[in-house]
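A short worksheet on the structure shown next.
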Ligand SMILES: [Zn+2]
Ligand SMILES: [Zn+2]
């Protein structure tokens, strides 16, 4: 049975982008790929199924023991770092459990086909349809939907293929999860597109700002610093400076830098967070900023 306590608990199980990054350089922030647990209004919600979903699954199994679980997994997109942990998600092997996977179209083939693809026999010994948990994969068509009493919204991100961010409105507060996104504005300004292109780029950022507006917690792709970003324009990932500006403009309360680059060790990630705080302070903003850290919990009232 799910927790019925009021409020909203967010826990980071994987904060890394692209590929798992274990080793002495990442012990502080963690090396698992994208996975965030949200417990609110009696629901167990999981944002993405990167490798962080493996330890989350073990923790859920230990917590619930013989009790059935009803779990909803929201997939932002089917790039590997957002789905690769699912074959190792223990609750999906227990026939008592229900695991509902929601997302938008996987890269052309459809969500169910893409998720099953990584478990075909050349890659994994158990097929998705052989997992004994009651797994239901639903491709969402609408941009707003409900998971129990949690209202959810999705918005398409600037990232190769189809990728969405999610906004969850819980009784404890709201969470915006934007794991892979490149803000449009800087592409327009720095890289010589036409005036019309710049205008439409800013209009697209305006839509993102609306999507994240006044979120209590914003978890967002901040993979690059400014120098790195210049070498990665068009890769679909964010520059930390842009992310800070967007969060301030959207009146977000607490910003978590997310999708840390596999080349960034703990010291580098800490420096990025420090420079992000400096940038916000220089604008007189009260925005709270942290780099997302595996194992960290955030409680909303
Ligand atoms: Zn990613
Ligand atoms: Zn991606």
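In the numbering used here, the protein residues as written are 7 to 307.
By construction, the Cβ of each residue, glycine as well, lies at the ideal position given by its N, Cα and C atoms.
Closest to residue 72 by C-alpha separation, out of 95, 53, 100, 93, would be which residue?
100
Local Cβ density within 10 Å of residue 173, reported as buried at 16 or more and exposed below that:
buried
Can you give the beta carbon distance from residue 123 to residue 300, rounded, assuming they're within the 8 Å contact cut?
That pair is no contact at about 27 Å.
According to DSSP, residue 76 sits in a beta bridge with which residue or residues?
104
Can you look up residue 90 in the DSSP assignment and give me helix, strand or coil?
coil
If I measure Cβ to Cβ from residue 150 and keep anything under 8 Å in the same chain, skipping five residues before and after, which residues do I get?
157, 158, 159, 160
According to DSSP, residue 14 sits in a beta bridge with which residue or residues?
46, 306
Can you give me the C-alpha to C-alpha distance between residue 214 and residue 163, rounded to a whole angstrom?
8 Å
Run the CB neighbour count on residue 30, radius 10 Å, all protein chains shown included, and call it buried at 16 or more, exposed below.
exposed
Express the C-alpha separation of residue 35 and residue 325 in angstroms, rounding to a whole number.
Beyond the ends of the chain as shown, which are 7 and 307, falls residue 325; an answer cannot be given.
By how many angstroms is the C-alpha of residue 141 removed from the C-alpha of residue 207?
39 Å
To the nearest angstrom, how far is the alpha carbon of residue 218 from that of residue 302?
21 Å
Beta-carbon proximity of residue 88 to residue 115, cut-off 8 Å:
no
Counting only the same chain and skipping the five closest in sequence on each side, list residues whose C-beta sits under 8 Å from that of residue 168.
83, 110, 111, 112, 113, 162
Work out the CA separation of residue 16 and residue 307 for me, nearest whole Å.
12 Å
Let me check you understand the geometry: is the CB of residue 207 closer than 7 Å to at least one non-hydrogen atom of ligand 2?
no
DSSP three-state assignment for residue 130, whether helix, strand or coil
coil
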